[in-house]
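S.K.:
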Amino acid sequence: MTSRPIISVRNLEVGAMSRHGMLRPLRGIDLDLPFGQTVGLVGESGCGKSMTARALLNITPAPMRITGGTIILDDGKAPPQNLSALDPDGVAMRAIRGARVAMIFQEPMTALSPVHTIGDQIGEMVRIHRKLGRREAKAHAIEMLDMVSMPNARQRYDAYPFNLSGGMRQRAMIAMALACGPDVLVADEPTTALDVTIQAQILELLQRLQADLGMTVLLITHDLGVVARTTKRVAVMYLGEIVEEASTIQLFDTPLHPYTQGLLSSVPRLGSRRGRREPLPTMRGTVPSALVELAGCAFHPRCTKAVAGLCDVIKPVMAEVNPGHSARCLLYPEVLVASKRGSSVVQPEPVS
Ligand code: SF4
């Protein structure tokens, strides 16, 4: 296994002008997805997680568009390409989307057409991208349905999405996403809409597929329990920026950023007194809108550790605080020094 990133995102910005001003849901994202690993992306609703997922496939919802930065795809199948520079509707981007980088959504009906059978939809993917004939496409679609453990795959080939349960629809969507053998799968809250039992089955399926196929997975979720069980590295987002990035073990053992600490303290611990009887501690306030521009640290109005005259003045940059563990908080000398220099700090190489 190598730690070389298959996707390397630098200073990625997404925005759009609205009648209330400039909306900036992504404000300079730096993120590496190492080959063959599952990376978690966490944060509250409104932090920009889903927008990051969509930007990676260049499918930002109109009028949002990528306004800066790079998304370098280097999967070894072609020379490295900057996806952010490609026309979202152009031939080059359409050839990459689905075939080399694929996405699954929280709600399968976002990806599945209600008026076509799931077999036709999976087969269509390989007919377009792999130029397979009708018979081979059907055989491949049934194979994919088998691979995602769809019960009675051969019969379900002719089913419409409305004939399937929520869990089966999710399996069909995963089969469709993986039909062309992508190296990168972006999974945006893939189990949030499912009940707990089915959720566990789908997560297990994704973990098995990731290991069997050696895929790189970006798993977007607000569920820290899912992250702890399934990922190797984690990035934490707040108001369009990554504020902490580390191995999953480091992040859960020694969270550095007060926002991460707040997120973790909001998770009930199994069997703990607090988890059973007492109200959960929650962070004060909510994530500001993508219109808001704050001086200093974007988290300072909600931060219990904010230092007046510092946190509301100096904008923190990401800096490595411990080996392989970076944060964007001025309480750490490494961050303070780098932030005062006003320079962006080069991201450390991810640790395998
Ligand atoms: Fe809190 Fe200041 Fe750190 Fe921001 S920089 S997270 S406001 S302590």
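Residues in the sequence shown are numbered from -4 upward in steps of one, following the working numbering. We put the beta carbon where it would ideally sit given N, CA and C, even for glycine. Just so you know, these numbers come straight off a predicted model, no measurement behind them.
Who are the near neighbours of residue 42 in its chain, counting only those whose CB is closer than 6 Å to its CB and skipping five residues on each side?
M.R.: Along the sequence shown, one-based indexing puts residue 42 at 47. Here the set comprises 232, 233, 282.
S.K.: Considering only C-alpha positions, which residue in the set 71, 57, 73, 79 is nearest to residue 65?
M.R.: Residue numbering aside, residue 65 sits at position 70 when the sequence shown is read from its first letter. That would be 79, whose Cα lies nearest to the Cα of residue 65.
S.K.: On the premise that residue 189 lies in contact with residue 197, defined as a C-beta separation below 8 Å, what is that separation, rounded to the nearest angstrom?
M.R.: Mapped onto the sequence shown, residue 197 falls at position 202. Mapped onto the sequence shown, residue 189 falls at position 194. Right, their Cβ atoms sit about 6 Å apart.
S.K.: Relative to the alpha-carbon of residue 124, which residue among 101, 86, 227 has its alpha-carbon at the smallest distance?
M.R.: The count along the sequence shown starts at 1 and reaches residue 124 at position 129. Residue 86 is the option with its Cα nearest to residue 124.
S.K.: Can you check which of these residues, 107, 191, 129, 132, is closest to residue 165 by C-alpha distance?
M.R.: Looking up residue 165 in the sequence shown gives position 170. The shortest Cα separation from residue 165 among 107, 191, 129, 132 belongs to 107.
S.K.: Using a 10 Å radius around the Cβ and a threshold of 16 neighbouring Cβ atoms, would you call residue 239 buried or exposed?
M.R.: To locate residue 239, count along the sequence shown from 1; it is residue 244. The residue is buried, with at least 16 neighbouring Cβ atoms inside 10 Å.
S.K.: For residue 5, does the count of other Cβ atoms within 10 angstroms reach 16, so buried, or fall short, so exposed?
M.R.: As a working mapping, residue 5 is identified with position 10 in the sequence shown. Residue 5 should be labelled buried.
S.K.: Using the three-state DSSP reduction, which class does residue 117 fall into: helix, strand or coil?
M.R.: Locating residue 117 in the sequence shown gives position 122, counting from the first residue. Helix.
S.K.: Do residue 337 and residue 19 have their C-beta atoms closer together than 8 Å?
M.R.: As a first step, residue 337 must be located in the sequence shown, where it is residue number 342. As a first step, residue 19 must be located in the sequence shown, where it is residue number 24. No, the pair does not count as a contact, with Cβ atoms beyond the cut-off.
S.K.: If I'm right that residue 217 touches residue 322 with Cβ under 8 Å, what's the distance once you round it to whole angstroms?
M.R.: Along the sequence shown, one-based indexing puts residue 217 at 222. Along the sequence shown, one-based indexing puts residue 322 at 327. Not a contact, Cβ separation roughly 20 Å.
S.K.: Among 287, 32, 60, 50, which one has its Cα closest to the Cα of residue 11?
M.R.: For this step, residue 11 is matched to residue 16 along the sequence shown. Per the Cα distances, 60.
S.K.: Give me the residue from 182, 109, 292, 174 with the minimum Cα distance to residue 312.
M.R.: For the purposes of this step, residue 312 is identified with residue 317 of the sequence shown, where counting begins at 1. It is 292 whose Cα lies nearest to the Cα of residue 312.
S.K.: Can you grab the Cα-Cα spacing for the pair residue 331 / residue 302, in whole Å?
M.R.: Residue 331 sits at position 336 when you count from the first residue of the sequence shown. Residue 302 sits at position 307 when you count from the first residue of the sequence shown. The alpha-carbon atoms of residue 331 and residue 302 are separated by roughly 12 Å.
S.K.: Ordered along the chain, which non-local residues of its own chain (more than five positions away) have a Cβ less than 6 Å from that of residue 77?
M.R.: Stepping through the sequence shown from its first residue, residue 77 is reached at position 82. Taken in chain order, the residues that qualify are 65, 67.
S.K.: Does the beta-carbon distance from residue 152 to residue 114 come in below 8 Å?
M.R.: For the purposes of this step, residue 152 is identified with residue 157 of the sequence shown, where counting begins at 1. For the purposes of this step, residue 114 is identified with residue 119 of the sequence shown, where counting begins at 1. Closer than 8 Å, so yes.
S.K.: Tell me whether residue 371 sits in a helix, a strand or coil according to DSSP, three-state version.
M.R.: The structure shown has nothing for residue 371, since the chain only spans -4 to 347.
S.K.: Sorted by chain position, which residues of the same chain lie with C-beta nearer than 6 Å to residue 210's C-beta, five sequence neighbours on each side aside?
M.R.: The count along the sequence shown starts at 1 and reaches residue 210 at position 215. Once the five neighbours on either side are set aside, the close Cβ partners of residue 210 are 180.
S.K.: Please classify residue 29: does DSSP put it in a helix, a strand, or coil?
M.R.: On the sequence shown, position 34 is the one that residue 29 refers to. It is a strand residue.
S.K.: Note down, one range per segment and in chain order, each beta strand (DSSP E) of at least 3 residues found wholly within the stretch 163 to 251.
M.R.: Counting whole runs of 3 or more residues, the stretch 163 to 251 contains the beta strand (DSSP E) stretches 179 to 183, 211 to 215, 228 to 233, 236 to 242.
S.K.: Round the Cβ separation of residue 140 and residue 148 to the nearest angstrom and send it over; I've been treating them as touching at under 8 Å.
M.R.: The count along the sequence shown starts at 1 and reaches residue 140 at position 145. The count along the sequence shown starts at 1 and reaches residue 148 at position 153. Going by Cβ atoms, the distance from residue 140 to residue 148 rounds to 4 Å, so yes, they are a contact pair.
S.K.: The ligand SF4 heavy atoms versus the CB of residue 292: any closer than 7 Å?
M.R.: For the purposes of this step, residue 292 is taken as the residue at position 297 of the sequence shown. Residue 292: yes, Cβ under 7 Å from the ligand SF4.
S.K.: Need the endpoints of the beta strand (DSSP E) that residue 89 sits in, please.
M.R.: In the sequence shown, counting from the first residue as 1, residue 89 sits at position 94. Element bounds for residue 89: not the beta strand (DSSP E) but the alpha helix (DSSP H), 86 to 91.
S.K.: Following a CB-centred definition, is residue 328 positioned closer than 7 Å to any heavy atom of the ligand SF4?
M.R.: Residue 328 sits at position 333 when you count from the first residue of the sequence shown. For the ligand SF4, not one heavy atom lies less than 7 Å from the Cβ of residue 328.
S.K.: Buried or exposed: which applies to residue 71, given that a residue is buried once 16 or more other Cβ atoms fall within 10 Å of its Cβ?
M.R.: By 1-based counting over the sequence shown, the position of residue 71 is 76. The residue in question, residue 71, is exposed, as its Cβ has fewer than 16 Cβ neighbours within 10 Å.
S.K.: Relative to the alpha-carbon of residue 305, which residue among 334, 40, 163, 100 has its alpha-carbon at the smallest distance?
M.R.: Mapped onto the sequence shown, residue 305 falls at position 310. Taking only the C-alpha atoms, the option nearest residue 305 is 334.
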